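**Student:** Residue numbers (my numbering): 1 to 196.
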Amino acid sequence: MQIAILGKGNMGTPLATLLRNAGHLVDSVGRADDPVAAISRAEVVILALKYEQALAILAQPAIKQTLSGKTVIDITNPLSEDFMSLTTGHSTSGAEELARLLPTSAVVKAFNTIFASVLADHAEGTLCRLPVFVAGNDSAAVECVTTLVRGMNLKAIAAGDLTNARYLEPMTEMMIQFGYGLGHGDRIGFSLETAA
Numbered sequence: 001m002q003i004a005i006l007g008k009g010n011m012g013t014p015l016a017t018l019l020r021n022a023g024h025l026v027d028s029v030g031r032a033d034d035p036v037a038a039i040s041r042a043e044v045v046i047l048a049l050k051y052e053q054a055l056a057i058l059a060q061p062a063i064k065q066t067l068s069g070k071t072v073i074d075i076t077n078p079l080s081e082d083f084m085s086l087t088t089g090h091s092t093s094g095a096e097e098l099a100r101l102l103p104t105s106a107v108v109k110a111f112n113t114i115f116a117s118v119l120a121d122h123a124e125g126t127l128c129r130l131p132v133f134v135a136g137n138d139s140a141a142v143e144c145v146t147t148l149v150r151g152m153n154l155k156a157i158a159a160g161d162l163t164n165a166r167y168l169e170p171m172t173e174m175m176i177q178f179g180y181g182l183g184h185g186d187r188i189g190f191s192l193e194t195a196a
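1. Does the separation of the CB atoms of residue 99 and residue 132 fall below 7 Å?
2. Cα separation between residue 96 and residue 113?
3. Which first and last residues belong to the alpha helix (DSSP H) in which residue 176 is found?
4. Could you give the distance in angstroms between the alpha-carbon of residue 47 and the alpha-carbon of residue 195?
5. Roughly how many angstroms lie between the CA atoms of residue 7 and residue 29, to the nearest whole one?
6. What separation, rounded to the nearest whole angstrom, lies between the Cα atoms of residue 171 and residue 87?
7. Indicate whether the contact test is met: 3 or more Cβ pairs, each with one atom in the region 48 to 60 and one in the region 131 to 148, closer than 8 Å.
8. Could you give the DSSP three-state label for residue 156: helix, strand or coil?
9. Would the region 102 to 117 count as touching the region 62 to 82 if we require 3 or more Cβ pairs under 8 Å?
10. At the level of alpha carbons, what is the spacing between residue 139 and residue 165?
11. Following the continuous beta strand (DSSP E) through residue 60, name the residue where it begins and the one where it ends.
12. If you draw a straight line from the alpha carbon of residue 184 to that of residue 61, how long is it in whole angstroms?
13. Between residue 142 and residue 136, is the Cβ-Cβ spacing less than 7 Å?
14. I want to know whether the region 18 to 35 touches the region 71 to 79 - three or more CB-CB distances under 8 Å.
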């Protein structure tokens, strides 16, 4: 599959490695690159950007038009500048706001509850036992993302429709509190366990 990753940072880099290792063709797009050509070739586009950067790039008419009909994976979290709170919540989510900018694309929330350090370790061969929660309204797009996640040797958990991003995004804020505020470090995350 042809995939474009917008962002070459601490999330975009290991995602690109994992996807290439899974046999996909990946264009990684940095700040100095023109994203339109990469997006036009892609079947799936991953927003590996800060939330505010994603808002800005998706507001560009040429980007919005090129993304039409494509699956867009939103891995962002609408964090405040100090990372200690969210800038959206309760009645909407960052993912829903991005989806509003892309009415002819299928936006799927995924990877936002995985710390970059955990993803990087996984890309380097340390097996990640944490799941990727996948939420979206388009069943075909959700299945596509689920297949990509599994191809990266990660576990995908169906997380319902895109409105559930209102709950997935605060999970990341709680991870930050656990990891940095409460001293558990950045090799942690949420899992779904069955009590037995």
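Heads up, the beta-carbon is just placed ideally off N, CA and C, and yes, glycines get one too. Given the structure is predicted, the values throughout are model-derived calculations rather than measurements.
**Tutor:** With the given structure in hand:
1. In this structure, residue 99 lies away from residue 132, with their beta-carbon atoms at least 7 Å apart.
2. Between residue 96 and residue 113, the C-alpha separation is close to 16 Å.
3. Its alpha helix (DSSP H) spans residues 165 to 176.
4. It is roughly 35 Å from the alpha-carbon of residue 47 to the alpha-carbon of residue 195.
5. About 6 Å.
6. Taking the Cα positions, residue 171 is about 14 Å away from residue 87.
7. The answer is no - the region 131 to 148 does not touch the region 48 to 60, with fewer than three Cβ pairs under 8 Å.
8. Looking at residue 156 - three-state DSSP - the assignment turns out to be strand.
9. Yes, the region 102 to 117 is in contact with the region 62 to 82.
10. Approximately 16 Å, taken between the alpha carbons.
11. In the DSSP assignment, residue 60 falls outside any beta strand (DSSP E), carrying neither H nor E.
12. Residue 61 has its alpha-carbon roughly 43 Å from the corresponding atom of residue 184.
13. Yes, they are a contact pair.
14. Cβ pair count under 8 Å is below three, so no.
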